[in-house]
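> Input: one structure, supplied below.
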Amino acid sequence: MVKFSDILRCIFLILLTESLHAQTPFHPSPASKKAENLYKDAIVYFNNLEFSSALEHLYKALELSPDYKDARLMLIQTYLKGGKELDPVFELKIYEHYLYLFNRDSVQNADIAYELVKLIIRYPSIISEVRKDFTLPLRNIQRFLSSYLAFIKPDDSNKNMVNYYLNETKKLLYSVVNPRNYVTTPLSENINTNHSEYFPSITADDSILLFTRRFVTEDGSLGDEDFYLSEIKNKKWQTAKVISDLRTNQNEGASTISPDGKTVIFSRCNSEDSYGKCDLYISNKTAVHWSAPQNLGPAINSSYWDSQPSLSADGNMLYFSSDRPGGYGQEDIYVSMKDTNGIWQNPVNLGPSINTSGRDTDPFIHASGADLYFTSDGWISLGGFDIYKTTLTNDSIWSFPKNLGYPLNTVNHEKGIIVSANGAGGFYYGQHPSPEGKGFMDIYSFTMDNDFRPVPASYIKGIVTDEKGKKILSADIRIVNLDKPWQITNTTSDSVNGDFLVTLTEGFPYAFYVDKQGYILKSFHYDYTKPGKNRSKNLKLKLEPAKQGKFIVFNNIFFNFNSADLLPKSLIELREMKRYLIRHPKLKIEVLGHTCDVGTDSYNQELSERRANSVEQWLVKHTISSERLSYKGYGKKRPLFPNVSEENRQFNRRTEFRIVDVK
């Protein structure tokens with residue numbers, strides 16, 4: 323435990339040097355001969371791992387020659403090697419000795435300033451125990467970094483990191499004086515109780531909130547963790563109910579719920595089928611129950627602690643925290659990807675741009691897939707655990723994190739952030755971050771400061787039925803990003819109520835397919851490239867039986883201007899048609915080409931025929947028998963809508979497939 327006297331001594335040393343002034347170069351007197359001999363003896367003890375004896379000799383040397391730099395640096399190395407076994411407050415000791423050297427000559431010891439900064443970041447409690455001024459660690463970081471930059475060489479390897487730290491420190495200090503635009507509100511008693519509520523997770527349409535509750539017994543001890551779920555009605559969260567299907571005598575902790583609310587991945591500890599201390603499990607929603615949880619297996623779970631999952635919106639990436647060996651700190655963030663067969667692959671560490679020597683936990687991957695929020699005690703902070711945001715760059719590297727600032731982050735612990743699909747706000751949990759809190763830990767909603775909003779995402783939800791709207795259909799639903807065709811979301815409409823939900827990220831065009839054996843394939847095109855105009859949709863999709871004379875309309879087959887040459891992004895649509903024809907081997911179809919009204923009748927007729935033929939030839943080249951195919955062009959004769967706008971013309975420029983035989 324850190325002694326109060328040690329803290330006061332450290333604070334006193336800091337306050338002595340609160341402002342950085344130009345100094346007269348310091349010229350220490352040479353170490354005495356006796357001090358040098360004590361130093362040499364200390365080296366022998368150090369090499370023999372006799373750290374206590376090494377410390378004893380080094381302190382005696384410094385009593386004789388206080389400015390003996392080599393002895394003081396050796397003292398620091400001894401504390402680093404011995405750690406808490408050598409001294410319970412070894413971090414404070416290291417800080418004091420570094421600070422002594424820096425204060426004696428900030429010019430010659432500029433490199434020590436960087437070591438001081440790393441110590442404050444890693445162990446802020448050595449300063450921030452005095453809560454009257456929680457900006458003190460930040461102001462000292464700023465001072466040390468400025469000193470370091472003033473005297474380093476232009477090609478110094480730490481320069482970029484120092485500039486990053488300095489910029490983050492300035493922003494964080496500014497947010498304390500000029501608070502960022504967050505509005506935080508504790509959730510009602512329907513969610514928060516006098517027990518602990520934490521680890522929130524929410525569906526893409528913000529209609530279902532899943533969280534963990536841990537009861538506190540009458541004697542003050544902690545009980546088991548269980549999952550609770552609340553639905554929103556009339557803009558109010560209803561009384562949360564325990565998910566009894568997932569309730570056991572073990573602790574069910576952190577969880578992530580899929581955008582449609584039908585899949586939960588969670589951590590469970592000390593289970594008989596676990597590989598380590600805590601493992602990740604998956605459960606799927608059936609008609610009225612949750613399926614028996616299945617361990618995600620050794621590809622993801624290790625013999626250590628694996629927890630705090632976050633599932634990407636497309637269901638293909640799983641982020642989580644683990645203390646397995648080979649990381650950068652106590653707990654690191656990892657990601658696992660599904661292969662084309664839906665099998666989770668070995669997880670990959672997210673690297674030093676996110677993970678530190680401390681604890682990096684609570685990852686949340688936003689629906690955009692490009693913004694990751696997490697909790698850490700290893701980056702520039704206001705104290706304790708703060709919440710950060712990192713963004714995936716164009717070269718698929720995560721940026722250095724940005725602290726979300728005050729007042730979302732405080733001197734308390736803020737953790738477990740989740741952000742709504744549209745990026746306007748979200749939820750997190752904290753340890754008494756406000757007097758309105760009801761338990762030891764509570765869940766809070768918040769509105770997001772504009773500087774930390776993610777790329778917005780929308781959703782498409784709906785119900786799939788037969789053409790009369792009476793029979794519920796379980797159909798395959800597939801979303802493909804036309805600009806990034808490897809980004810594919812697959813889901814299935816519910817077999818009981820026919821509902822589905824998928825997310826779309828702003829900035830891209832999408833192809834949307836609904837396919838059911840024995841029914842006409844539906845194809846839609848959604849252009850989400852215009853910022854701020856991408857609203858979520860609620861659809862009622864009625865599928866027609868695949869009968870002779872019925873049409874399959876495709877809206878994502880594109881050609882070069884005034885040409886019958888297929889554009890590369892058309893391959894997505896053509897592959898869907900190929901897949902459909904393989905699933906329906908008895909169908910024979912006619913490819914129909916249509917244009918808008920731009921150009922002469924003869925020109926449009928000829929162009930539509932060539933385009934229809936291009937589609938037919940592509941299918942033939944890709945294993946579909948020519949005996950099942952024919953083509954015809956209609957020019958501009960059969961518009962779906964009046965050619966009065968570019969949007970209507972886009973719908974009219976289409977490729978259709980007419981079923982000519984079903985036997």
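Sequential numbering of the sequence shown, starting at 323, is according to this note's numbering. Don't be surprised by glycine CBs; every beta carbon is placed ideally from N, CA and C. Predicted model, so just to flag it, every value in this text is computed and none were measured.
Does DSSP put alanine 779 in a helix, in a strand, or in coil?
The answer is strand: DSSP assigns alanine 779 an E or B state.
> At a cut of 8 Å, does the stretch 794-812 reach the stretch 883-897 through at least three beta carbon pairs?
The stretch 794-812, when compared against the stretch 883-897, does touch it at the 8 Å Cβ threshold.
> For isoleucine 665 and leucine 495, what's the separation of their Cα atoms in angstroms?
Approximately 46 Å, taken between the alpha carbons.
> In the structure shown, what three-state DSSP assignment does tyrosine 436 receive?
Looking at tyrosine 436 - three-state DSSP - the assignment turns out to be helix.
> Since tyrosine 641 and isoleucine 655 are thought to touch, with beta carbons under 8 Å apart, how far apart are those beta carbons, to the nearest angstrom?
The Cβ separation is near 6 Å, so the contact holds.
> Note the first and the last residue of the continuous beta strand (DSSP E) segment covering serine 643.
Looking at the DSSP string, the run of the beta strand (DSSP E) that includes serine 643 is 639-644.
> Start and end of the beta strand (DSSP E) containing phenylalanine 749?
Looking at the DSSP string, the run of the beta strand (DSSP E) that includes phenylalanine 749 is 747-752.
> Measure the Cβ-Cβ separation of serine 589 and leucine 602 and say whether it is below 9 Å.
Yes, the Cβ-Cβ distance between serine 589 and leucine 602 is below 9 Å.
> Curious, which full-length beta strand (DSSP E) runs of at least 3 residues does the stretch 926-977 contain?
If we require 3 residues or more, the beta strand (DSSP E) runs fully inside the stretch 926-977 come out as 951-955.
> Rank Glu372, Met396 and Phe373 by C-alpha distance to the C-alpha of alanine 383 and give the top, closest one.
Of Glu372, Met396 and Phe373, the residue nearest in Cα terms is Met396.
> Can you give me the C-alpha to C-alpha distance between leucine 843 and leucine 863, rounded to a whole angstrom?
In a straight line, the C-alpha of leucine 843 is about 11 Å away from that of leucine 863.
> For lysine 859, which residues from the same chain have a beta carbon less than 7 Å from its beta carbon, with the 5 sequence-adjacent residues on both sides left out?
Only Ile782 meet the Cβ criterion.
> Work out the CA separation of arginine 681 and glycine 700 for me, nearest whole Å.
C-alpha separation (whole angstroms): 7 Å.
> How would you call threonine 570, buried or exposed, if buried means at least 16 neighbouring beta carbons within 10 angstroms?
It is exposed - the Cβ of threonine 570 has fewer than 16 other Cβ atoms within 10 Å.
> Could you pull the start and end residues of the alpha helix (DSSP H) that glutamine 464 belongs to?
Where glutamine 464 is concerned, the enclosing alpha helix (DSSP H) stretches over 458-473.
> What does cysteine 600 pair with, by DSSP beta-bridge criteria?
The partner list for cysteine 600 (beta bridge, DSSP) reads Cys591 and Trp627.
> Would you report the Cα separation of leucine 460 and asparagine 725, rounded to the nearest angstrom?
Straight-line Cα distance between these residues: approximately 13 Å.
> Can you tell me which of the three DSSP states threonine 506 falls into?
The answer is strand: DSSP assigns threonine 506 an E or B state.
> Which word fits valine 499, buried or exposed, when buried means at least 16 other C-beta atoms lie within 10 angstroms of its C-beta?
Exposed: under 16 other Cβ atoms inside 10 Å.
> How many Å lie between arginine 364 and asparagine 489 at the Cα?
Looking at the sequence provided, one finds alanine at residue 364 rather than arginine. Roughly 40 Å between the two C-alpha positions.
> Using 9 Å as the threshold, is the C-beta distance between lysine 959 and cysteine 918 below it?
Cβ atoms of lysine 959 and cysteine 918: not closer than 9 Å.
> Evaluate tyrosine 377 with the Cβ neighbour count: other Cβ atoms within 10 Å of its Cβ, from every protein chain shown; 16 or more gives buried, anything less gives exposed.
According to the sequence displayed, residue 377 carries leucine and not tyrosine. Leucine 377 should be labelled buried.
> If I measure Cβ to Cβ from glutamine 652 and keep anything under 7 Å in the same chain, skipping five residues before and after, which residues do I get?
Cβ neighbours of glutamine 652 beyond the five flanking positions: Asp645, Gly680 and Arg681.
> Return the first residue and the last residue of the alpha helix (DSSP H) that lysine 355 is part of.
Lysine 355 -> alpha helix (DSSP H) spans 355-369.
> Under 9 Å between the Cβ atoms of alanine 692 and leucine 714?
It is a contact, given that the beta carbons lie within the stated cut-off.
> Are the stretch 729-739 and the stretch 470-482 touching, with three or more C-beta to C-beta distances below 8 Å?
The answer is no - the stretch 470-482 does not touch the stretch 729-739, with fewer than three Cβ pairs under 8 Å.
> With a Cβ-Cβ cutoff of 9 Å, do arginine 536 and glycine 542 count as a contact?
It is not a contact, given that the beta carbons lie outside the stated cut-off.
> On the three-state DSSP scale, how would you describe isoleucine 336?
Unreliable positioning characterises isoleucine 336 in this predicted model, as indicated by a pLDDT of 38, which lies under 50. The coordinate reading is nonetheless provided below. Helix at isoleucine 336.
> Is it the case that the Cβ atoms of glutamate 898 and phenylalanine 873 are separated by a distance below 9 Å?
Their beta carbons are not under 9 Å apart, which means glutamate 898 does not touch phenylalanine 873 by this criterion.
> Determine the closest residue to phenylalanine 834 out of Glu866, Gly820 and Asp798, with distance taken between C-alpha atoms.
The shortest Cα separation from phenylalanine 834 among Glu866, Gly820 and Asp798 belongs to Asp798.
> Out of curiosity, what's the CA-to-CA distance linking glutamine 572 and tryptophan 612?
Near 17 Å, if we compare the C-alpha coordinates of tryptophan 612 and glutamine 572.
> Per DSSP, what kind of secondary structure is glycine 405 in: helix, strand or coil?
Helix at glycine 405.
> In three-state terms, what does DSSP make of glutamine 399?
Glutamine 399: helix per DSSP, three-state reduction.
> Relative to the ligand ZN, is the shortest distance from any of its heavy atoms to the C-beta of asparagine 431 smaller than 8 Å?
The ligand content of the structure shown is nil, which means the ligand ZN is not present either.
> DSSP three-state call for isoleucine 785: helix, strand or coil?
Note: isoleucine 785 maps to strand in three-state DSSP.
> Give the list of continuous beta strand (DSSP E) stretches no shorter than 3 residues that lie fully inside the stretch 527-592.
Entirely contained in the stretch 527-592, the beta strand (DSSP E) runs reaching 3 residues are, in chain order, 530-538, 544-555, 574-579 and 585-591.
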